[in-house]
Amino acid sequence: MSILETRNLMKSFGGIRATDDLTLAVEEGELHAIIGPNGAGKTTLITQLCGTQMPDAGQVLFKGRDITGLAPHKRARLGITRSFQITSLIADMTVLENIALAVQARAGSSFRFFRAASSVEAIQSRAMELLARVGLAEKAGMVTAALSHGEHRHMEIAIALASEAELMLLDEPMAGLGPEESARMVELLRGLKGKHTIVLIEHDMDAVFALADRISVLVYGHIIATGLPAEIRANKEVEAAYLGEEA
Amino acid sequence: MSPRTLATLVAMALLAVLPPVFYYTGNAFWLDLATRLTILAIAATSLNLILGYGGLVSFGHAAYVGLGAYAVGIPAYHWLYGGLEHLGLATTSGLVQIPLAMATCALFALVTGAICLRTRGVYFIMITMAFAQMVYYAIVSIEEYGGDDGLVIDTRSELPGLNLDDPIQLFGLAYVSLVAAMLIVRMITRSRFGMVLRGAKGNAERVQMMGLNTYAYRLTAYVISGAMAGYAGALLGNFTTFISPEMMDWTRSGELMFMVILGGGGTTGGPMLGAAAFIILEELLSHFTIYWHLPFGLLLIAVVLFTRGGLMGFFRGRK
Ligand SMILES: Nc1ncnc2c1ncn2[C@@H]1O[C@H](COP(=O)(O)OP(=O)(O)OP(=O)(O)O)[C@@H](O)[C@H]1O
Ligand SMILES: [Mg+2]
Chain C
51 MSILETRNLM KSFGGIRATD DLTLAVEEGE LHAIIGPNGA GKTTLITQLC
101 GTQMPDAGQV LFKGRDITGL APHKRARLGI TRSFQITSLI ADMTVLENIA
151 LAVQARAGSS FRFFRAASSV EAIQSRAMEL LARVGLAEKA GMVTAALSHG
201 EHRHMEIAIA LASEAELMLL DEPMAGLGPE ESARMVELLR GLKGKHTIVL
251 IEHDMDAVFA LADRISVLVY GHIIATGLPA EIRANKEVEA AYLGEEA
Chain E
5 MSPRTLATLV AMALLAVLPP VFYYTGNAFW LDLATRLTIL AIAATSLNLI
55 LGYGGLVSFG HAAYVGLGAY AVGIPAYHWL YGGLEHLGLA TTSGLVQIPL
105 AMATCALFAL VTGAICLRTR GVYFIMITMA FAQMVYYAIV SIEEYGGDDG
155 LVIDTRSELP GLNLDDPIQL FGLAYVSLVA AMLIVRMITR SRFGMVLRGA
205 KGNAERVQMM GLNTYAYRLT AYVISGAMAG YAGALLGNFT TFISPEMMDW
255 TRSGELMFMV ILGGGGTTGG PMLGAAAFII LEELLSHFTI YWHLPFGLLL
305 IAVVLFTRGG LMGFFRGRK
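Sequence order for the protein chains is C and E. Okay, so the first sequence: first residue is 51 according to the numbering used here, each after it adds one. Okay, so the second sequence: first residue is 5 according to the numbering used here, each after it adds one.
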């Protein structure tokens, strides 16, 4: 059974059909890349999957259960997490505090008023472990706002990891990264393959073809093709609609 | 020790020592000023929990102070003139009045917060203000308790081992309460609960995507804050012994917000420093000129505009 499904999803903004009869199935454990030109509706799709925007019509199913009307925090608890295309962190908290918050959210122990959060050893050490995994251990004590864009992108991944979510929706994790940072991110994502189901939205074609198990191509809010990387590369329609303009 | 902690401790030490010294050297007036300052500092500290740490710009906090004061005044009134005996509310006992003040305010915060917290930004400001004005007009309309003429509290709250008619003891109670309020807010904001509250201020969507229901956390903070402000109100009623709806006017709410912002929101000592600066400046300027409101307002705006993080901004640690 597919872990994530959308059925005939529709979403319009005024006259723009950002999501147009979008049907998609993501299999458990796969890294499913979604590519498409700017403004194709990729981010809009993610927001409907994680619940921050409601579709006008259609359904979203997670493990066969209809979650179309479920609030974002409830979907997160079911095991869906996302990273943001435009970095979305808590700028005035430290790097460690950001990650620790995600860890405590996962642990379900947030309604505690007495002990200082910084003294809860299990949470702090788990957060440090995650920071080490994305290469940010030395920056733990810094205020998040002081970090570079690339470091913010890696924090996004650490937060996604903290959730231990089965399904990760990653919206252009490579956006704005230099070649070196990009390579590091590709390695990081490769390490996650198989452990989590990942929906990866990405413009960086090298990264997409290096990582994806399957690729869907989104154009004007509609999936025009889904297949193995080799199939997508060979697809004439895709080439015309999208890959052609890149080359 | 960070410069901020040091500044807070020095200010609290001065506040503990100076007022009694003034009092015993024949300047009772300054003790009065300090008591008022201390009580308002408690209210500002409670507002700081939601405003400074939670980013919730509540423009109706004076309503809680007022409700707290009436929770002392109304039982005291009935104790003297009869009525409400069957509810046990004709009493001068502080052990009834103070819990009543806090429970009333917690309930009011729960009911109104449940609605207000569904809105954002300017709407939140307006609706918190609207609820406060509602309480204001409700009290004005109750003739029995003096309407807009207010109500005299003939007998102060009776507490075991304390005599609140003694200005020094009243000040002592206010001071200890302020210390407790500051420590409680400090504890809450450093806890895991506090992390969620602060995180939601910085980026609510992100926190929700972590699986946390920011609404529930904010509402909880809103209720705690309201109950604390109600406590401050109960003290204020005992201090002024005259209460009126004017205590709940929106300008009073504005003053509390100003104290928090002036001193530095999101810091333990900020609201206390802000309340001190506010009350002392108001007093000094009003001696120089009857037109003190204008320079006072300009001064406050200057502090807010030119110091990052209010007065506490002066004590920022080096990085
Ligand atoms: N909140 C909104 N209000 C109005 N229009 C919107 C809104 N969000 C997205 N759109 C429009 O919907 C279309 C799809 O936008 P979306 O951000 O989903 O594209 P995208 O595929 O993520 O693009 P990019 O590759 O640039 O990130 C665009 O035309 C965009 O202008
Ligand atoms: Mg996008």
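A virtual CB, placed ideally from N, CA and C, is assigned to each residue, including glycine. Quick caveat: nothing in here was measured; it's all calculated off a predicted structure.
- For residue 58/C, the enclosing beta strand (DSSP E) begins and ends at 52-63.
- The three-state reading of DSSP puts residue 82/C in strand, counting E and B together.
- For residue 256/C, the CB stays at least 7 Å from every heavy atom of ligand 2.
- Distances from the CA of residue 60/C to each of 91/C, 225/C, 122/C and 80/C were compared; the closest alpha carbon is that of 91/C.
- The beta carbons of residue 221/C and residue 125/C sit no closer together than 8 Å.
- Among the residues facing chain E, residue 123/C is included, as its CB has a counterpart in that chain under 8 Å away.
- Within chain E, the residues whose beta carbon sits less than 9 Å from that of residue 170/C are 196, listed in sequence order.
- The segment 105-183 of chain E contains, as complete alpha helix (DSSP H) runs of 4+ residues, the segments 125-145 (chain order).
- Contacts between residue 222/C and chain E, judged by CB atoms closer than 7 Å, are missing: the closest CB pair is about 16 Å apart.
- With a cutoff of 8 Å on beta-carbon distance, residue 185/E and residue 62/E are scored as not near each other.
- The nearest non-hydrogen atom of ligand 1 is less than 7 Å from the C-beta of residue 90/C.
- With a threshold of 8 Å between beta carbons, residue 232/C makes no contact with chain E.
- Counting along the chain, the unbroken alpha helix (DSSP H) around residue 243/E starts and ends at 218-244.
- Three or more Cβ pairs drawn from the segment 135-150 of chain C and the segment 192-210 of chain C lie within less than 8 Å of each other, which places the two stretches in contact.
- Taking 8 Å as the upper bound on Cβ-Cβ separation, chain E lies near no residue of the segment 104-116 of chain C.
- Taking a beta-carbon distance threshold of 8 Å, residue 252/C does not count as an interface residue toward chain E.
- Burial is judged here by how many other beta carbons sit within 10 angstroms of a residue's own beta carbon; residue 130/C has at least 16 and is buried.
- Distance from the CA atom of residue 240/C to the CA atom of residue 263/C, rounded to whole angstroms, is 11 Å.
- Taking the CA atoms as reference points, residue 299/E sits about 14 Å from residue 308/E.
- Among the residues of chain E, those whose CB is under 7 Å from the CB of residue 143/C are 202, 203 and 206, following chain order.
- In terms of Cα proximity to residue 170/C, the closest of 261/C, 185/C, 182/C and 151/C is 151/C.
- When Cβ-Cβ separations below 8 Å define contact, residue 154/C makes contact with chain E.
- Assignment of residue 59/E by DSSP, reduced to helix, strand and coil, places it in the coil class.
- For residue 140/C, the chain E residues whose C-beta falls within less than 7 Å of its own C-beta are 203, 206, 207 and 210, listed in chain order.
- Counting only Cβ-Cβ distances below 7 Å, residue 317/E has no contacts in chain C at all, with the closest Cβ about 14 Å away.
- The residue among 72/E, 227/E, 319/E and 293/E with its C-alpha nearest the C-alpha of residue 244/E is 72/E.
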